[in-house]
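Visitor: Pasting a structure here, questions to come.
Numbering (the working numbering), first residue to last: 45 to 213.
Right under this line is the structure:
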């Protein structure tokens with residue numbers, strides 16, 4: 045059921061998928077699709093079915109090759125995981141498909157998400173829900189894709205090449 049908010053990540057407590065479920069429950073028209081595997085599956089399934097119902101909540105696991113199509117099927121991406129993650133590649137994967145992101149507001153995600161989404165305190169469910177709603181209604185144009193391009197393999201490789209040449213004459 046459209047619009048679809050997508051969350052991708054291990055079904056572990058520190059990914060805080062439960063916060064996404066709670067935030068989406070405040071948006072009567074939105075659905076949530078969680079893609080992942082892990083020990084929190086049963087707990088998240090119960091919470092999702094309770095707060096969203098089976099018509100607005102789904103959880104699947106998927107092969108990596110299918111992920112581009114799954115990202116493209118979403119209207120917004122979110123992963124409210126804790127701030128100790130080294131790098132959130134799933135945010136870039138979503139933005140590469142021009143899908144805007146709603147993510148926790150911390151230093152690393154400010155750099156990753158940039159203009160490609162909205163950063164928010166995900167523990168404030170009301171504000172998190174409002175940010176998701178805004179992301180669903182805002183005209184993002186190419187902003188998510190342009191943000192993801194800043195982290196393209198070509199740019200990253202060029203940065204490392206330049207760094208190596210500076211340090212190893």
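Ideal placement from N, C-alpha and C gives every residue a C-beta, glycine not left out. Because the structure is a prediction, the values reported are computed rather than measured.
For residue 55, which residues from the same chain have a beta carbon less than 7 Å from its beta carbon, with the 5 sequence-adjacent residues on both sides left out?
Guide: 61, 80, 81, 82, 83, 84, 85, 88
Visitor: Helix or strand or just coil, what does DSSP make of residue 83?
Guide: coil
Visitor: Decide if residue 209 is buried, meaning its Cβ has at least 16 other Cβ atoms within 10 Å, or exposed.
Guide: With fewer than 16 other Cβ atoms within 10 Å, it is exposed.
Visitor: Can you name, in chain order, every residue of its own chain whose Cβ lies under 7 Å from the Cβ of residue 143, other than the five neighbours on each side?
Guide: 115, 118, 120, 121, 188
Visitor: Rounded to whole angstroms, what is the Cα-Cα separation between residue 100 and residue 204?
Guide: 44 Å
Visitor: Could you tell me the boundaries of the alpha helix (DSSP H) in which residue 138 lies?
Guide: 133–140
Visitor: Threshold first: 3 residues or longer. Then list the beta strand (DSSP E) segments lying entirely within the stretch 159–205, N to C.
Guide: 161–164
Visitor: Do you know offhand how far residue 74's Cα is from residue 98's?
Guide: Rounded to the nearest angstrom, the two C-alpha atoms are 12 Å apart.
Visitor: Do you know whose CA, among 93, 96, 157, 109, lies nearest residue 124's CA?
Guide: Of 93, 96, 157, 109, the residue nearest in Cα terms is 157.
Visitor: Hey, residue 92 and residue 76 are a contact pair by Cβ (cut 8 Å); roughly how many whole angstroms apart?
Guide: 7 Å
Visitor: If you draw a straight line from the C-alpha of residue 227 to the C-alpha of residue 51, how long is it?
Guide: In this structure the chain extends from 45 to 213, so residue 227 is not present and cannot be described.
Visitor: Report, in whole angstroms, the separation of the C-beta atoms of residue 160 and residue 130, which I expect to be a contact under 8 Å.
Guide: Contact doesn't hold; Cβ gap of about 19 Å is too wide.
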